[in-house]
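The block underneath contains the structure these notes are about, expressed in structure tokens.
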Amino acid sequence: MINSSTNNKIITALSILAMLLTWHGLALLIGKEYILPTPAQTGLSLLLIMQSQDFWPAVLLTVGRGLLGFLISLGLGIILGMAAGFSRVINWLLRPWVTVMRSTPVMSVIILAIIWFESNLVPVVVAILMLFPIIYGNVVAGIRNINQEWLEMARMYKVKPRRIIAELYFPAILPYLLAGATTAMGIAWKVIIAAEILSQPTRAIGTDLMIAKFNFATAQVLAWTVVVIMISFVFESLLGAWENNLTNWRR
Amino acid sequence: MAFVLDKINKGFGGLEVIKDLSMQEEENRIVCILGPSGAGKTTLLNLMSGVMKADSGQISGFSGHSISYLFQETRLLPWKTVRENIDFVLKDKLPRHQREQTIARYLETVELSPFASYYPARLSGGMKQRVSIARAFAYPADVLLMDEPFKGLDTQLKMSLIKSFIRLWTLDRRSVFFVTHDIQEAVLIGHLVYVLTDRPASIKGRIINPVPHEQRDDSNAPELQSIEQAIYQLVTL
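Residue numbers (numbering that gives the first Met the number 0), protein chains in the order written: chain S, 0 to 250; chain G, 0 to 236.
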């Protein structure tokens, strides 16, 4: 008897295999490497770019920008989200700002950021503007949905407000915060790459993607894309592991 | 008299909830307040704890006392273990070594010592309510307010929780005000039973139950039955 987790792994592996086969079949059908290279050609290209001395600096700087943007959004989202969750006035004060951030197209934000900021900073600023509203919204929702009976219990037992925040509010909003962080992390890399493509920092995955496109090196474009997917996957797994760790009381 | 409520009135909007309610009680007794659902029993407890203010009348004896609570819901924090849940309310009151001893002692009394590091999600409903009973007694309070903590539990579970409660109270006497709509609970637990009218709540009568708790196990005891009868008559009056 195979347990369900092994079973799921087999299904996932089969699905990835099907994806690669479809890709390979389409590439053969088209027959032009500069339009769609095969997975093998892409893999080869990936090995080649990994050996270039610019590879790791570009990857590390892109990851650094992504993490910086993500962490600043997380910090701002928690602080302002809690403030808005507790205070109606702050909530209404912040509402128009957040609405504007939410509704502005990513491309407008990127273009404006390019006009206003240095190219290395553009992806970070764009990430903050895109990710902050997600985390903020989730923190506010977490505070709104807190169980009033727990709060009443804590107040009746005269628990100090500082401890009510640290030991009741914070754990209660944690599931909301983690859900927001996971969504934000998924969007972060897409936004960072888009911003890098337009702002062209010296060392960046986005810049290298654009160079590959100018050279009609489609295999390289796909190779860099695979790198971004890997980065995204790694951070999603890290966040997932952290979530499991923090919410082990559910089981 | 230690606790005095004198001609208390309380309403919400136009709705009178408590009307001219008076009672006087001494310390370290278990006072049951028996009334129908929606009769303002919870409001009465909120007035005693000071969470709400009466529209008129005097309440004395409660303010200045430390108060602990038992609710109908267990109100345990799901991300804290049994031990941590009790520690949560004790931390601002007692030094560390004393908290550890206190928690260990009360968990033992409610027979939950082996479950100290369990999260509430892994406990049954009855076990969770025992944790909240232990929390209420572990908290250094002179007054314990109980808001139908046994409501909605099956009879067997209710009996075992009541036993846990009486055992704790006997070891560690406090002034208990216990509201319920259940005559049987009132007979088993109270030294005194106040019967409330329908809303707006006032006192219909006060019945003394002199039977010692250790003799209340046998619900067929004639003395208990006659008290139950007297309460029943008062309720249906």
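We treat Cβ as the ideally placed atom computed from N, Cα and C, and that holds for glycine.
Measuring only the C-alpha atoms, how far is residue i from residue j?
i                : j                : result
Arg74 (chain G)  : Ser102 (chain S) : 40 Å
Ser116 (chain G) : Met106 (chain S) : 52 Å
Val194 (chain G) : Ser59 (chain G)  : 21 Å
Glu147 (chain G) : His180 (chain G) : 8 Å
Leu66 (chain S)  : Pro77 (chain G)  : 31 Å
Pro35 (chain G)  : Asn243 (chain S) : 45 Å
Thr154 (chain G) : Ser163 (chain G) : 14 Å
Thr254 (chain S) : Thr224 (chain S) : Coverage of chain S is limited to positions 0 through 250, which leaves residue 254 (chain S) absent and any answer about it impossible.
Lys189 (chain S) : Ala140 (chain G) : 57 Å
Ile210 (chain S) : Thr98 (chain S)  : 35 Å
Ser198 (chain S) : Val58 (chain S)  : 16 Å
Gly49 (chain G)  : Thr246 (chain S) : 36 Å
Ser44 (chain S)  : Ala82 (chain S)  : 49 Å
Gln228 (chain G) : Pro221 (chain G) : 10 Å
Val210 (chain G) : Val186 (chain G) : 10 Å
Leu75 (chain S)  : Thr169 (chain G) : 52 Å
Phe215 (chain S) : Ile186 (chain S) : 27 Å
Thr37 (chain S)  : Val108 (chain S) : 35 Å
Val175 (chain G) : Ile77 (chain S)  : 42 Å
Val234 (chain G) : Ile188 (chain G) : 17 Å
Arg166 (chain G) : Ile29 (chain G)  : 13 Å
Lys9 (chain G)   : Thr196 (chain G) : 15 Å
Met229 (chain S) : Leu25 (chain S)  : 23 Å
Phe116 (chain S) : Ala193 (chain S) : 16 Å
Ile34 (chain S)  : Thr182 (chain S) : 32 Å
Pro160 (chain S) : Arg154 (chain S) : 8 Å
Ile7 (chain G)   : Met47 (chain G)  : 11 Å
Lys40 (chain G)  : Leu33 (chain G)  : 8 Å
Leu111 (chain S) : Leu208 (chain S) : 22 Å
Met152 (chain S) : Ile145 (chain S) : 13 Å
In terms of residue numbering, what span does the beta strand (DSSP E) encompassing residue i cover?
i                : result
Val175 (chain G) : 174 to 179
Gln23 (chain G)  : 14 to 24
Val142 (chain G) : 142 to 146
Phe11 (chain G)  : 2 to 11
Gln57 (chain G)  : 55 to 59
Leu195 (chain G) : 191 to 195
Tyr300 (chain G) : This structure leaves residue 300 (chain G) out entirely; chain G is present only between 0 and 236.
Taking the continuous alpha helix (DSSP H) assigned at residue i, which residues delimit it?
i                : result
Arg249 (chain S) : Looking at the DSSP string, Arg249 (chain S) is not in any alpha helix (DSSP H), and its letter there is neither H nor E.
Met47 (chain G)  : 40 to 48
Ile188 (chain G) : 182 to 188
Tyr135 (chain S) : 121 to 143
Val58 (chain S)  : 54 to 85
Lys127 (chain G) : 124 to 137
Ile15 (chain S)  : 3 to 29
Do we get a CB-CB distance below 8 Å when we pair residue i with the residues of chain S?
i                : result
Ser21 (chain G)  : no
Phe114 (chain G) : no
Asp91 (chain G)  : yes
Ala120 (chain G) : yes
Gly74 (chain G)  : In the sequence on display, residue 74 (chain G) carries Arg and not Gly. Arg74 (chain G) counts as touching chain S.
Phe87 (chain G)  : yes
Phe70 (chain G)  : yes
Tyr138 (chain G) : yes
Ser48 (chain G)  : yes
Ser67 (chain G)  : yes
Thr77 (chain G)  : The sequence as given places Pro at residue 77 (chain G); Thr does not occur at that position. Yes, because at least one Cβ of chain S sits closer than 8 Å to the Cβ of Pro77 (chain G).
Which residues of chain B have a Cβ atom closer than 9 Å to the Cβ of residue i, listed in chain order?
i               : result
Arg94 (chain S) : Given the protein chain composition of this structure (S and G), no chain B is represented.
Would you say residue i lies against chain G (beta-carbon separation less than 8 Å)?
i                : result
Met155 (chain S) : yes
Val58 (chain S)  : no
Trp223 (chain S) : no
Trp115 (chain S) : no
Met81 (chain S)  : no
Val233 (chain S) : no
Val139 (chain S) : no
Trp248 (chain S) : yes
Count the other CB atoms, across all protein chains shown, that sit within 10 Å of the CB of residue i; report buried if there are 16 or more and exposed otherwise.
i                : result
Val88 (chain S)  : exposed
Asn84 (chain G)  : buried
Met18 (chain S)  : exposed
Pro119 (chain G) : buried
Asp91 (chain G)  : exposed
Ile114 (chain S) : exposed
Leu130 (chain S) : buried
Glu195 (chain S) : buried
Val233 (chain S) : exposed
Thr240 (chain G) : With chain G covering only 0 through 236, there is no way to say anything about residue 240 (chain G).
Ser51 (chain S)  : exposed
Lys31 (chain S)  : exposed
Pro94 (chain G)  : exposed
Given 8 Å as the limit, is there contact between the region 9 to 17 of chain G and the region 61 to 78 of chain G, that is, 3 or more CB pairs closer than that? no
Does the count of Cβ pairs from the region 149 to 162 of chain G and the region 160 to 178 of chain S closer than 8 Å reach three? no
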